[in-house]
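Chemist:
In this note's numbering, the protein residues as written are 4 to 95.
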């Protein structure tokens with residue numbers, strides 16, 4: 004089954020959002036590590052969703068966590084849109 008233009012657009016948007024969420028996570032980790040002592044720093048390769056709470060504690064006015072969450076939500080929304088654009092979901 005060949006990809007249509009709308010399918011390729013949805014794939015590009017979803018991929019871009021996933022990359023943006025990953026870049027935001029690295030930026031959040033970098034800000035957290037600036038304030039933590041050497042022995043308590045978070046690894047860029049092994050991090051979990053605990054960075055959200057720790058970043059909110061250290062930077063209460065920052066909007067980075069909200070942007071990170073928004074990107075994650077939009078990536079999840081892209082999956083059913085992708086299935087719809089491919090004609091798999093809702094019989095398009």
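C-beta atoms are modelled at their ideal positions from N, C-alpha and C, and glycine is treated no differently. Computed from a prediction, not measured in an experiment: that's the story for all the values here.
Just verifying my parser: in three-state terms, what is the DSSP assignment at residue 10?
Modeler: Numbered from its first residue, the chain shown carries residue 10 at position 7. Looking at residue 10 - three-state DSSP - the assignment turns out to be helix.
Chemist: What did DSSP end up calling residue 49 once you bin it into helix, strand or coil?
Modeler: The residue given as residue 49 occupies position 46 in the chain shown. Note: residue 49 maps to coil in three-state DSSP.
Chemist: Just curious, the alpha helix (DSSP H) that residue 72 is in, first and last residue?
Modeler: What you label residue 72 is simply residue 69 of the chain shown in a count that begins at 1. Start and end: 67 to 88.
Chemist: Taking residue 17 as the reference, which of 83, 32, 78, 88 has the closest Cα?
Modeler: Against the chain shown, residue 17 aligns to sequence position 14. With distances taken between Cα atoms, residue 17 lies closest to 78.
Chemist: Compute the Euclidean distance between the alpha carbons of residue 39 and residue 64, then round it to the nearest angstrom.
Modeler: Numbered from its first residue, the chain shown carries residue 39 at position 36. Numbered from its first residue, the chain shown carries residue 64 at position 61. The alpha-carbon atoms of residue 39 and residue 64 are separated by roughly 18 Å.
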